[in-house]
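Per the UniProt record's numbering, the very first residue in the sequence shown carries number 198; after that it's consecutive. Notes to accompany the following structure.
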Amino acid sequence: WEKLELKRNNKDEISEMQQAYNAMIDRIEENRQKQERFVSDASHELRTPISVIRSYAELLQRRGKDKPEIFDEATDAILSESDRMQHLTEQMLILAKNEDQENVLFEQVNISQIVRDVIRSLSTAYQREIKFYHETEQDITISADRSKMHQALYILVDNACKYSEDTVIVRMQDIQDQLAIDVIDKGEGLSEAEQQHIFDRFYRVDKARSRKAGGTGLGLAICHGIVQLHGGKVHIESQMNQGSTFTITLPK
Ligand code: ADP
Numbered sequence: 198w199e200k201l202e203l204k205r206n207n208k209d210e211i212s213e214m215q216q217a218y219n220a221m222i223d224r225i226e227e228n229r230q231k232q233e234r235f236v237s238d239a240s241h242e243l244r245t246p247i248s249v250i251r252s253y254a255e256l257l258q259r260r261g262k263d264k265p266e267i268f269d270e271a272t273d274a275i276l277s278e279s280d281r282m283q284h285l286t287e288q289m290l291i292l293a294k295n296e297d298q299e300n301v302l303f304e305q306v307n308i309s310q311i312v313r314d315v316i317r318s319l320s321t322a323y324q325r326e327i328k329f330y331h332e333t334e335q336d337i338t339i340s341a342d343r344s345k346m347h348q349a350l351y352i353l354v355d356n357a358c359k360y361s362e363d364t365v366i367v368r369m370q371d372i373q374d375q376l377a378i379d380v381i382d383k384g385e386g387l388s389e390a391e392q393q394h395i396f397d398r399f400y401r402v403d404k405a406r407s408r409k410a411g412g413t414g415l416g417l418a419i420c421h422g423i424v425q426l427h428g429g430k431v432h433i434e435s436q437m438n439q440g441s442t443f444t445i446t447l448p449k
């Protein structure tokens with residue numbers, strides 16, 4: 198904040214101040230609307246698992262004693278919906294924490310190694326081939342928050358595996374003073390219109406498919422927030438039924 202000292206009758210200064218003030222009011226209003234939407238979307242997302250849990254608990258209460266065969270189905274559903282709620286609340290917390298610059302712990306990290314770690318755990322989890330083209334001679338070290346960076350890359354590679362069947366490729370390039378990491382899949386791809394919303398909180402192209410795969414629609418919003426905290430950008434290039442390339446660019 199800077200104190201404004203106005204000279205009397207200086208019209209330029211007054212109009213400049215008015216513009217700055219109005220821009221600030223617009224930003225506050227935009228943030229207020231964003232928060233309001235987040236709270237309403239979050240409650241909507243939590244309502245589904247809560248109502249599933251409730252109806253199975255009621256079923257158990259009403260019929261559980263006479264019909265023990267419903268026991269397994271009901272407890273399975275209750276457990277998986279509670280897991281889902283737990284995952285959702287954890288992700289919402291991560292998203293909120295990432296808004297705050299103070300929660301970032303910058304240190305020198307070997308980003309090439311982080312990518313290898315992500316690839317190792319996801320290729321094991323999905324039993325899939327994930328190729329890594331490291332197009333620089335040596336490993337790259339940047340100033341970053343290790344666990345957040347790991348998380349951002351994990352989200353992109355995890356999505357590439359989740360939304361495609363074939364080999365996933367990760368490519369790391371050194372472009373002048375920038376580092377570019379591409380995550381490439383040959384999966385279902387996204388239309389122009391879908392690409393516009395892909396980083397919005399809770400946005401999912403196919404809710405049922407995402408839900409089945411344990412998705413919350415928060416992954417890309419978290420990834421975007423983390424990359425922004427590092428002064429970088431994440432963008433997508435995609436074509437329907439051809440695949441997608443998500444690129445993170447970071448200052449070195
Ligand atoms: P989710 O938890 O649902 O995966 P994300 O925020 O990570 O949430 O992604 C939002 C939506 O974007 C997904 O539900 C999916 O529809 C779409 N999406 C993300 N990554 C890809 C990809 N690599 N290919 C196709 N669609 C994708």
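Every residue, glycine too, gets a C-beta built ideally from N, C-alpha and C.
Would you kindly report the start and end of the unbroken alpha helix (DSSP H) that includes residue i?
{"i": "residue 404", "result": "404 to 409"}
{"i": "residue 209", "result": "208 to 260"}
{"i": "residue 272", "result": "267 to 294"}
{"i": "residue 352", "result": "343 to 359"}
In the DSSP assignment, what are the bridge partners of residue i?
{"i": "residue 434", "result": "442"}
{"i": "residue 307", "result": "338"}
{"i": "residue 329", "result": "367"}
{"i": "residue 372", "result": "375"}
{"i": "residue 447", "result": "376"}
Does the beta-carbon distance from residue i to residue j come in below 7 Å?
{"i": "residue 309", "j": "residue 382", "result": "no"}
{"i": "residue 413", "j": "residue 290", "result": "no"}
{"i": "residue 268", "j": "residue 353", "result": "no"}
{"i": "residue 340", "j": "residue 396", "result": "no"}
{"i": "residue 446", "j": "residue 429", "result": "yes"}
{"i": "residue 287", "j": "residue 249", "result": "no"}
{"i": "residue 271", "j": "residue 253", "result": "yes"}
{"i": "residue 433", "j": "residue 392", "result": "yes"}
{"i": "residue 346", "j": "residue 378", "result": "no"}
{"i": "residue 301", "j": "residue 342", "result": "yes"}
{"i": "residue 410", "j": "residue 449", "result": "no"}
{"i": "residue 351", "j": "residue 306", "result": "no"}
Using CA atoms only, rank isn't needed, just tell me which of the options is closest to residue i.
{"i": "residue 364", "options": "392, 402 and 319", "result": "319"}
{"i": "residue 374", "options": "337, 404, 271 and 391", "result": "337"}
{"i": "residue 344", "options": "431, 210 and 420", "result": "420"}
{"i": "residue 477", "options": "411, 257 and 416", "result": "Lying outside 198 to 449, the shown extent of the chain, residue 477 is not represented and no answer is given."}
{"i": "residue 323", "options": "355, 259 and 211", "result": "355"}
{"i": "residue 233", "options": "407, 398, 418 and 408", "result": "398"}
{"i": "residue 407", "options": "431, 361, 376 and 313", "result": "361"}
{"i": "residue 275", "options": "251, 296, 292 and 261", "result": "251"}
{"i": "residue 231", "options": "296, 317, 263 and 349", "result": "296"}
Between which two residues does the beta strand (DSSP E) containing residue i stretch?
{"i": "residue 392", "result": "Segment 389 to 394 is the alpha helix (DSSP H) holding residue 392; no beta strand (DSSP E) there."}
{"i": "residue 426", "result": "Looking at the DSSP string, residue 426 is not in any beta strand (DSSP E); the run it does join, the alpha helix (DSSP H), is 416 to 426."}
{"i": "residue 379", "result": "375 to 382"}
Just to confirm, does residue i get its C-beta within under 6 Å of one of the non-hydrogen atoms of ligand 3?
{"i": "residue 285", "result": "Looking at this structure, you won't find ligand 3 anywhere; what it does contain is ligand 1."}
Does the region 353 to 371 come close enough to the region 312 to 331 to have 3 or more Cβ pairs within less than 8 Å? Touching, per the Cβ criterion.
Is the region 214 to 229 touching the region 241 to 252 in the sense that three or more CB pairs, one from each, lie closer than 8 Å? no
Can you find at least 3 beta carbon pairs, one from the region 400 to 410 and one from the region 421 to 438, that sit closer than 8 Å? no
Do three or more CB pairs link the region 427 to 437 to the region 382 to 391 at distances below 8 Å? yes
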